[in-house]
Structure formats: structure tokens, C-alpha cells
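For the record, the sequence lines run as chains A and B. This note's numbering numbers the first residue of the first sequence as 166 and each following residue consecutively. This note's numbering numbers the first residue of the second sequence as 322 and each following residue consecutively. Below is one structure, written out as C-alpha cells; comments come after it.
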Amino acid sequence: MVSAYLRRGMAAGLLAGLLAGLFAFFVGEPILDRTIALEESAHVHAPGGGGGDEEIFSRPTQKVGLFFATGLFGVTVGGVFGIVYAYFRERLAAGSDLKRSISLAGAIFAGAFLVPFLKYPANPPSIGDPSTIRERTAAYFTLVALSLLAILIAWLAARTLEARGVGASRRRLTVGAGLVVVVGVLFLLLPAAPSADGFPSGTLWAFRLSSFGTQLVFWAGLGLLFGVLCERARKKGVTA
Amino acid sequence: MEKTLGRRHPSTLPLWSLLVLALLLLALLVLLSASGALLAPLLGQAAGPFDYLHEFAHDGRHLLGVPCH
Ligand SMILES: [Zn+2]
Numbered sequence: 166m167v168s169a170y171l172r173r174g175m176a177a178g179l180l181a182g183l184l185a186g187l188f189a190f191f192v193g194e195p196i197l198d199r200t201i202a203l204e205e206s207a208h209v210h211a212p213g214g215g216g217g218d219e220e221i222f223s224r225p226t227q228k229v230g231l232f233f234a235t236g237l238f239g240v241t242v243g244g245v246f247g248i249v250y251a252y253f254r255e256r257l258a259a260g261s262d263l264k265r266s267i268s269l270a271g272a273i274f275a276g277a278f279l280v281p282f283l284k285y286p287a288n289p290p291s292i293g294d295p296s297t298i299r300e301r302t303a304a305y306f307t308l309v310a311l312s313l314l315a316i317l318i319a320w321l322a323a324r325t326l327e328a329r330g331v332g333a334s335r336r337r338l339t340v341g342a343g344l345v346v347v348v349g350v351l352f353l354l355l356p357a358a359p360s361a362d363g364f365p366s367g368t369l370w371a372f373r374l375s376s377f378g379t380q381l382v383f384w385a386g387l388g389l390l391f392g393v394l395c396e397r398a399r400k401k402g403v404t405a
Numbered sequence: 322m323e324k325t326l327g328r329r330h331p332s333t334l335p336l337w338s339l340l341v342l343a344l345l346l347l348a349l350l351v352l353l354s355a356s357g358a359l360l361a362p363l364l365g366q367a368a369g370p371f372d373y374l375h376e377f378a379h380d381g382r383h384l385l386g387v388p389c390h
């Protein structure tokens, strides 16, 4: 039965990844092009700044690569989602596969993207010192892992409170406040985000919003499509 | 089956699916942080081809919000 969820997760993930790729292509790429043009004009003025980074692929090729990246991201994340769903399915309170799938996707979106985004928002090329990329990558994935862990603990705490008969509104308040404190402490402990000083803030935030939208399209698509695939299998009488 | 048994213990995952899970997470990490510079300490010379993956998936990584430069 896990293999059926794995398969559905990968299929839903591939589709959601390509949908996110479409969003990124039409909304994100024009802004990314603008930021690259800014980067190049800055390089021309920089002392001794010749061609900048050596480009292995042309811009049009990198735009094909966008779909490769979001598609591959979708298949792998979808596979992980399917396995995680198989584990949590009987533990989640929601009444149907569709509702369960959407709430799981929402929880993972919050932990894997939303919380890290608040501390380390997406950046276009040229922001951040290339010599610190290793530390910044490590800090980012550390925050992703810890945010997911915080969300998992919040969910466990909510279940424990429920079992003790604590009412829904008090439960939400307690768990919500605890989560805010934990995330706040994580934000204080982890290194600061790279400075974006000097970068036009309109373009910067347009880029960040397009990145946010790309992830939102992906997780909404994954939650919906995976849920629909599960519902369809159930209606056909296939045992999951 | 679940229904005939009533409230039974929730399932645990079989070993193979945990291995698949670990492999998928590793693949994801390589895709999202793929660059020869980052993987060289781990892979040595073999990290070279990842530069191509890094550059090809470049726009996707930026728009998915992962640190890149
Ligand atoms: Zn980049």
C-alpha cells in the first residue's frame, strides 16, 4: 500500500512541478531576466569586472532547465510526500483523503518553505557573497529541517492537548504561541540573511513574490492532485 | 481490512520505503544545492558534472527560493 501512495505522490508531484514551472516561466522569468541585466550592468562598472561568471548555458537553455528543475523537484518531493502520507494517513484527523492530503501539503509548505522564507527570502543572482555560499546553503537547509520539526512537534502537542480534553480555541492559542516562540528563537540563533543593500527593492520584492508564488502553486497543486488521485482510487475500489 | 479490525494500531512504514525516502531526500539535496564547489569535498573529481546540473537547474533553484550564489 505504501507503493501505491509513492506512485501517486510522484505522479502528482511531477504535474504540480510542471505547473509551478509554468508559473515561474510566465511570472518569475521576466523578473529574473531584469535582475540578471542589473547584475551585468553592475559588472561592467565594477573595477576589473570583465565578463563576470563564465556561463555554461545560454539564458534560453536555462529556461528549459527551469522545467527540468521544477519537474525533478516535483517528482522527488512528491515521492517523499507519498511515503509521509502513507505514514500519517491514519493519524490525521481530517475526514477524507482530499482533506488529509491538502492539510499535509499545507503543513509541509509551511515548514519547508514559508518559515524559512521569512528568515531567508529568495534572492535573485548577485545577492550574497559567493564565498559564503556553503555556509548559507547549510543555514538554509538547517532552518528547513528545524522548521519541519517544529511543525511536527506542534501537531503532536495539539494532539496531546486534545486527548487531555483541552478545548479547540485554547489548543490553537497554546500551540500557535509555542510555535511562534520556537520559530523566533530559531531566527535569532541562525546567521543573518545576506544583505540586499543597493539592489532596487521593487525588483527584489517582485522576484521574491514570484518565488513565493512558484512554491505556493507547487504545494497547492501537490495537495489537490494527490488527494484527487487517492479519492479516485478509492472510488474504483482499489485498496490503497 | 482496516474496517473489519476496527480501531487497530496505525501502520508503520516498511523498511524499503524508508530507504526510498532517504534516497529521495538525498537526490533533492543534490538537485537543490548542486554545485561542484559544494560537492567537491565529498566527491572530489566526480563533482565536476554537477556543475552542469547546477547551471541547467539554475533558474529553477532561484525561483524555488534556495540559496545559489
Ligand atoms: Zn544563481
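Note that beta-carbon positions come from the ideal geometry of N, C-alpha and C, so glycine has one too. All of these numbers come straight from a predicted model, not from anything done at the bench.
Sub-8 Å separation of residue i and residue j beta-carbons
i: Ala287 (chain A); j: Phe372 (chain A); result: yes
i: Leu349 (chain B); j: Val387 (chain B); result: no
i: Arg199 (chain A); j: Thr368 (chain A); result: yes
i: Gly193 (chain A); j: Leu384 (chain B); result: yes
i: Gly230 (chain A); j: Gly381 (chain B); result: yes
i: Gly186 (chain A); j: Gly236 (chain A); result: yes
i: Ala304 (chain A); j: Pro365 (chain A); result: no
i: Gly178 (chain A); j: Val240 (chain A); result: yes
i: Phe232 (chain A); j: Phe377 (chain B); result: no
i: Gly293 (chain A); j: Arg301 (chain A); result: yes
i: Val345 (chain A); j: Ala315 (chain A); result: no
i: Ile201 (chain A); j: Tyr373 (chain B); result: no
i: Asp262 (chain A); j: Arg399 (chain A); result: yes
Integer Cβ distance of residue i from residue j, believed to fall under 8 Å
i: Gly341 (chain A); j: Ile267 (chain A); result: Gly341 (chain A) to Ile267 (chain A), Cβ: 20 Å. No contact.
i: Leu340 (chain B); j: Val167 (chain A); result: Actually they do not touch by this definition, with Cβ atoms about 12 Å apart.
i: Phe188 (chain A); j: Val393 (chain A); result: Not really, about 19 Å apart at Cβ, beyond 8 Å.
i: Phe191 (chain A); j: Lys228 (chain A); result: Contact doesn't hold; Cβ gap of about 11 Å is too wide.
i: Ile273 (chain A); j: Phe246 (chain A); result: 7 Å
i: Ser332 (chain B); j: Ile248 (chain A); result: 12 Å between Cβ atoms; not a contact.
i: Ser291 (chain A); j: His390 (chain B); result: 7 Å
Other residues of its chain near residue i: CB distance less than 6 Å, five sequence neighbours each side excluded
i: Ala358 (chain A); result: Tyr285
i: Leu351 (chain A); result: Leu311
i: Ala323 (chain A); result: Arg336, Val340
i: Ala176 (chain A); result: none
i: Leu326 (chain A); result: Arg336
Same chain, Cβ closer than 8 Å to residue i, five either side skipped, listed in chain order
i: Pro212 (chain A); result: Note that Pro212 (chain A) has pLDDT 45, beneath the 50 cutoff, so the model's placement of it is unreliable and the number below is only indicative. Excluding positions up to five away in sequence, the list is empty.
Cut-off 7 Å between Cβ atoms - residues of its own chain near residue i, not counting five sequence neighbours on either side
i: Phe253 (chain A); result: Leu269
Next on the checklist: Please list, in chain order, the residues of the segment 237-260 of chain A that have any C-beta partner in chain B closer than 7 Å.
Outcome noted: Leu237, Phe238, Thr241, Val242, Gly244, Val245, Ile248, Ala251, Tyr252, Glu255, Arg256
Checklist entry - Just by C-beta distance, which residues in the segment 329-349 of chain B are closer than 7 Å to chain A? => result Pro331, Ser332, Leu334, Pro335, Ser338, Val341, Leu342, Leu345, Leu346, Ala348, Leu349
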